[in-house]
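For reference, the structure is listed below as structure tokens.
Protein chains: 6
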Amino acid sequence: MPYVNIKITREGATSQQKTDLIKGVTDLLVTVLNKSPNTTFVVIDEVATEDWGIAGMPVHEFRNHAQT
Amino acid sequence: MPYVNIKITREGATSQQKTDLIKGVTDLLVTVLNKSPNTTFVVIDEVATEDWGIAGMPVHEFRNHAQT
Amino acid sequence: MPYVNIKITREGATSQQKTDLIKGVTDLLVTVLNKSPNTTFVVIDEVATEDWGIAGMPVHEFRNHAQT
Amino acid sequence: MPYVNIKITREGATSQQKTDLIKGVTDLLVTVLNKSPNTTFVVIDEVATEDWGIAGMPVHEFRNHAQT
Amino acid sequence: MPYVNIKITREGATSQQKTDLIKGVTDLLVTVLNKSPNTTFVVIDEVATEDWGIAGMPVHEFRNHAQT
Amino acid sequence: MPYVNIKITREGATSQQKTDLIKGVTDLLVTVLNKSPNTTFVVIDEVATEDWGIAGMPVHEFRNHAQT
Chain A
1 MPYVNIKITR EGATSQQKTD LIKGVTDLLV TVLNKSPNTT FVVIDEVATE DWGIAGMPVH
61 EFRNHAQT
Chain B
1 MPYVNIKITR EGATSQQKTD LIKGVTDLLV TVLNKSPNTT FVVIDEVATE DWGIAGMPVH
61 EFRNHAQT
Chain C
1 MPYVNIKITR EGATSQQKTD LIKGVTDLLV TVLNKSPNTT FVVIDEVATE DWGIAGMPVH
61 EFRNHAQT
Chain D
1 MPYVNIKITR EGATSQQKTD LIKGVTDLLV TVLNKSPNTT FVVIDEVATE DWGIAGMPVH
61 EFRNHAQT
Chain E
1 MPYVNIKITR EGATSQQKTD LIKGVTDLLV TVLNKSPNTT FVVIDEVATE DWGIAGMPVH
61 EFRNHAQT
Chain F
1 MPYVNIKITR EGATSQQKTD LIKGVTDLLV TVLNKSPNTT FVVIDEVATE DWGIAGMPVH
61 EFRNHAQT
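Protein chains in written order, with the UniProt record's numbering: chain A, 1 to 68; chain B, 1 to 68; chain C, 1 to 68; chain D, 1 to 68; chain E, 1 to 68; chain F, 1 to 68.
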């Protein structure tokens, strides 16, 4: 009975993409560990880019740096 | 000093129901483990149904299947 | 289909106490929000006291201060 | 830059199976959302069966019920 | 490659304050544990005060009590 | 009343380093957001390197790649 939490930046993931993530992760747990899908939970969190930091700065600033 | 995180699907839980969850969980920790309520945190997350998966599909789709 | 995570300091909680927490939280979600127990997960994490901080210090140090 | 946390019951998952989970989830995020693998984290938590509850009871008790 | 999650009540933290948190936590991990900032993630969650409980009640109620 | 969770790979962080993390994060929340230290929790999780993935592989394998 796995529980999976996926955190991504909020940048327009569609309902279909979320559905694909849920299906894909669940299939993976069935394939690799023989888990039952009926007791597999997946929770997706979308996080605003100002709330996500990497390399000591918010994501959007990080990307500007990376492009320089 | 427990920390409790309750994740539920976002489906109209009222402020009173949240208050009841917070009180109920805190009382439980006091009763079972003799924890101090003053250092017991409870955080409730409401998750959109398209962001919660079970059995390899989003919750709303799962419910449609279950009703068939 | 709630997911509840309970974090407590590791200080000898027994299997029976954990069972009581699991049952108590699940009952609470049934009572307050009419959730189905069959799709309610509870995960308990025990955290070493040196890994839990409050008031800027590890728990065991905090308790020494509090007793002074 | 996704962060994925996979919680499973501690029941002997091998290093290879964990490697397969890490690779599988990362590939999924690349395929579905075009995420960069280099900034994709996956953290696996194995949880003792007495610390995981479903249907108001610990997992091992739940399985005994289910088999009856 | 640390992952840090900071949960605070939603009470008007500014983008600058969030940037300061992200920078401060990352610097701390570099200083104390010599971690690489490039693989250090920080995720900030703001939680509505009705969703955060302490001492068995929601935060806003707790503050009213504390002021009495 | 913030709650901070710090996840690091398990590689011999000392009690003193954990104490420094707890103090440093708490001070940061006091300085940046004027939070009360008495209601600031910090929980540190050490994760085995085989349970932490980056770039689609476990940390130890990733480091071998990076050194090549």
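C-beta: ideal position from N, C-alpha, C; glycine also.
- Message: Tell me whether the stretch 5 to 12 of chain E and the stretch 39 to 48 of chain E touch, counting them as touching only if at least three CB pairs, one residue from each stretch, are closer than 8 angstroms.
- Response: yes
- Between the CA atoms of Thr40 of chain C and Leu29 of chain C - distance to the nearest angstrom: By one-based count along the third sequence, residue 29 of chain C stands at place 29. By one-based count along the third sequence, residue 40 of chain C stands at place 40. When rounded, the distance between both Cα atoms is 8 angstroms.
- Query: Does the beta carbon of Val42 of chain E come closer than 8 angstroms to any beta carbon on chain A?
  - Reply: Your numbering for residue 42 of chain E matches position 42 in the fifth sequence. Taking Cβ atoms only, chain A reaches closer than 8 angstroms to Val42 of chain E, which makes this a yes.
- Query: Taking only beta-carbon atoms, is Ile8 of chain D less than 8 angstroms away from chain F?
  - Reply: Start at 1 with the first residue of the fourth sequence, and residue 8 of chain D comes out as number 8. Output row for Ile8 of chain D: interface = no.
- Output, in chain order, the set of chain B residues within a Cβ distance shorter than 7 angstroms of Val47 of chain E. Locating residue 47 of chain E in the fifth sequence gives position 47, counting from the first residue. Per Cβ cutoff of 7 angstroms: Val43.
- Pick from F:Asn38, F:Pro2 and F:Asp51 that is closest to Glu11 of chain F, judged by C-alpha positions: Against the sixth sequence, residue 11 of chain F aligns to sequence position 11. The shortest C-alpha separation from Glu11 of chain F is found at F:Asp51.
- residue 87 of chain D, DSSP secondary structure in three states: Nothing about residue 87 of chain D can be read from this structure; chain D reaches only from 1 to 68.
- How many whole angstroms separate the CB atoms of Ile22 of chain C and Met57 of chain D, which I take to be in contact at a CB cut-off of 8 angstroms? Walking along the third sequence from the start, residue 22 of chain C turns up at place 22. Walking along the fourth sequence from the start, residue 57 of chain D turns up at place 57. Right, their Cβ atoms sit about 6 angstroms apart.
- Item | Spatial neighbours of His65 of chain F in its chain, beta-carbon cut-off 8 angstroms, leaving aside the 5 residues before and after | Working through the sixth sequence from its first residue, we reach residue 65 of chain F at position 65. Around His65 of chain F: Ala55 and Met57.
- Message: Let me see if you follow: with CB-CB separation under 8 angstroms, is Asp27 of chain D close to chain F or not?
- Response: Locating residue 27 of chain D in the fourth sequence gives position 27, counting from the first residue. Yes - at least one Cβ of chain F is within 8 angstroms of the one on Asp27 of chain D.
- Query: Using a C-beta to C-beta distance shorter than 7 angstroms, which residues of chain F count as neighbours of Met57 of chain B?
  - Reply: In the second sequence, counting from the first residue as 1, residue 57 of chain B sits at position 57. Here the premise fails: no neighbours, minimum Cβ distance about 25 angstroms.
- Query: Taking all protein chains shown into account, do 16 or more other C-beta atoms lie within 10 angstroms of the C-beta of Thr31 of chain D, making it buried, or fewer, making it exposed?
  - Reply: For the purposes of this step, residue 31 of chain D is identified with residue 31 of the fourth sequence, where counting begins at 1. Exposed, because fewer than 16 other Cβ atoms sit within 10 Å of the Cβ of Thr31 of chain D.
- Could you tell me which chain E residues have their CB closer than 7 angstroms to the CB of Glu50 of chain A, listed as they occur along the chain? Locating residue 50 of chain A in the first sequence gives position 50, counting from the first residue. Near Glu50 of chain A (Cβ distances below 7 angstroms), the residues of chain E are Ser15 and Lys18.
- Message: Any beta carbon of chain A sitting closer than 8 angstroms to that of Asn38 of chain E?
- Response: In the fifth sequence, counting from the first residue as 1, residue 38 of chain E sits at position 38. Judged by the 8 angstroms Cβ criterion, Asn38 of chain E is in contact with chain A.
- Return helix, strand or coil for Thr7 of chain D, following the three-state DSSP convention. For this step, residue 7 of chain D is matched to residue 7 along the fourth sequence. The sequence as given places Lys at residue 7 of chain D; Thr does not occur at that position. In the structure shown, Lys7 of chain D sits in a strand (DSSP, three-state: E or B).
- Task: Please decide whether Lys23 of chain D counts as near chain F, where near means a Cβ-Cβ distance under 8 angstroms.
- Result: Within the fourth sequence, the letter at position 23 stands for residue 23 of chain D. So yes, Lys23 of chain D belongs to the interface.
- Reference Ala13 of chain E; option with closest CA among F:Ala13, F:Gly24 and F:Leu33: Residue mapping note: residue 13 of chain E aligns to position 13 of the fifth sequence, counting from 1. Comparing Cα positions, the closest option is F:Leu33.
- Item | Residues near Gly53 of chain E in its chain [Cβ-Cβ closer than 6 angstroms; skip 5 each side] | Counting from 1 along the fifth sequence, the entry for residue 53 of chain E is found at position 53. Excluding sequence neighbours, Gly53 of chain E sits near nothing in its chain.
- Taking only beta-carbon positions, decide if Asn64 of chain A is within less than 8 angstroms of chain D. Taking the first residue of the first sequence as 1, we reach residue 64 of chain A at position 64. Not an interface residue.
- By Cβ distance, which residues of its chain are closer than 6 angstroms to Tyr3 of chain B, with the 5 residues on each side in sequence left out? In the second sequence, residue 3 of chain B corresponds to position 3, counting from 1. The answer, listed in chain order, is Phe41.
- Task: Assign Pro58 of chain F to one of three DSSP states: helix, strand, or coil.
- Result: Working through the sixth sequence from its first residue, we reach residue 58 of chain F at position 58. Residue state, collapsed to three classes: strand.
- Query: Do Val25 of chain E and Val59 of chain F have their C-beta atoms within less than 8 angstroms of each other?
  - Reply: Taking the first residue of the fifth sequence as position 1, residue 25 of chain E is located at position 25. Taking the first residue of the sixth sequence as position 1, residue 59 of chain F is located at position 59. Contact: no.
- Query: To the nearest angstrom, how far is it from the Cα of Gln16 of chain E to the Cα of Pro37 of chain A?
  - Reply: One-based indexing of the fifth sequence puts residue 16 of chain E at position 16. One-based indexing of the first sequence puts residue 37 of chain A at position 37. Computed Cα separation, rounded: 43 angstroms.
- Task: Step through the CB atoms of chain E and report whether any lies within less than 8 angstroms of the CB of Tyr53 of chain A.
- Result: For this step, residue 53 of chain A is matched to residue 53 along the first sequence. For clarity, residue 53 of chain A is Gly in the given sequence; the question names Tyr instead. Taking Cβ atoms only, chain E reaches closer than 8 angstroms to Gly53 of chain A, which makes this a yes.
- Message: Check whether chain D comes within 8 angstroms of Val30 of chain A, counting only Cβ atoms and requiring the distance to be less than that.
- Response: The count along the first sequence starts at 1 and reaches residue 30 of chain A at position 30. Chain D, which has no Cβ nearer than 8 angstroms to the Cβ of Val30 of chain A, makes this no.
- Message: Does any residue of chain I have a CB that is nearer than 8 angstroms to the CB of Ala66 of chain E?
- Response: In the structure shown, chain I does not exist; the protein chains are A, B, C, D, E and F.
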